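Everything on this sheet refers to the single structure shown next.
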Amino acid sequence: MKSTIGRMGMTVALVLVSAGCLEHTYNVGEGAPVGPKVYDEWHNHWLGGLIGERTLDIERHCPSGNATIHNEQSFLNGLVAALTSGIYTPTTVTIRCDDGEDADVDLDRGEVMTILAAPAFLERVEELVPARFHEAEIAFGALQQDDQG
């Protein structure tokens, strides 16, 4: 009878211990908490997490440099750790990237002048950086004079 109560107590204790969660979130660059998942794998750790490290190449997964890394010990990870008495303690690592990547755009002088001459461009400059609007007008005027002269 005592051994049955002891076993039930040990089982309840293991379930409670394995139900605990570990969770860390890291942002790289500007982060991307709602971006698409580009990586979702278990990482192996041993002896309660004392041994085991894996380096991830964020630039390879997220060329833009903006990523959110989420590392957690899910219920399933905790259950596996409990079944192995903490010898093997996996975590789940997820990486999300922003949708956009850096783009290299090659424009010739004529294309740049077309963009700068558009009324929407100066309106946007005035809206976003009103203190610099006058400088943008002067710079655009100088570029126009260079083209004419």
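Under this note's numbering, the first residue of the sequence shown carries the number 5, and numbering increases by one thereafter.
Quick reminder that beta carbons are idealized off the backbone N, C-alpha and C, glycines included.
Owing to the predicted nature of the structure, the values given are computational and were not obtained by experimental measurement.
Proximity of residue i and residue j at Cβ, strictly below 8 Å
{"i": "Arg58", "j": "His47", "result": "yes"}
{"i": "Gly69", "j": "Val32", "result": "yes"}
{"i": "Leu120", "j": "Phe144", "result": "yes"}
{"i": "His126", "j": "Glu141", "result": "It is Leu, not His, that sits at residue 126 in the sequence shown. Closer than 8 Å, so yes."}
Same chain only: Cβ atoms within 6 Å of residue i, ignoring 5 sequence neighbours per side
{"i": "Arg100", "result": "Ala36, Gly39, Lys41, Thr72"}
{"i": "Val133", "result": "none"}
{"i": "Tyr43", "result": "His65, Ile99"}
{"i": "Ile62", "result": "Val32, Ala71"}
{"i": "Tyr30", "result": "Ile73"}
{"i": "Asp102", "result": "Ala36, Gly39, Ser68, Asn70"}
Residue i beta carbon near the ligand FMN (any heavy atom closer than 7 Å)
{"i": "Ala71", "result": "The ligand FMN is not among the ligands present in this structure, which contains no ligands whatsoever."}
Sequence-distant residues of the same chain with beta carbon closer than 7 Å to residue i, five excluded per side
{"i": "Gly52", "result": "Gly90, Thr93"}
{"i": "Ser78", "result": "Thr96"}
{"i": "His28", "result": "Asn75"}
{"i": "Val84", "result": "Tyr92, Pro94"}
{"i": "Ile55", "result": "His49"}
{"i": "Glu130", "result": "Phe137"}
Buried or exposed (CB count within 10 angstroms, at least 16 for buried), residue i
{"i": "His138", "result": "exposed"}
{"i": "Gly82", "result": "buried"}
{"i": "Asp151", "result": "exposed"}
{"i": "Asp106", "result": "With a pLDDT of 49 at Asp106, under the threshold of 50, the predicted position of this residue should be treated as unreliable, though the coordinate-derived value follows. With fewer than 16 Cβ atoms within 10 Å of its Cβ, Asp106 is classed as exposed."}
8 Å CB neighbourhood of residue i in its chain, flanking five on each side removed
{"i": "Trp87", "result": "The question names Trp, but residue 87 in the sequence shown is Leu. Around Leu87: no qualifying Cβ."}
{"i": "Met117", "result": "Leu147, Gln148, Asp151"}
Strand pairing of residue i, partner residues [DSSP]
{"i": "His47", "result": "Thr95"}
{"i": "Glu57", "result": "According to DSSP, which records beta bridges pairwise, Glu57 is partnered with nothing at all."}
Q | 3 or more residues per run - each beta strand (DSSP E) lying fully within the stretch 62-118 | A | Fully enclosed beta strand (DSSP E) runs of 3 or longer: 71-77, 95-101.
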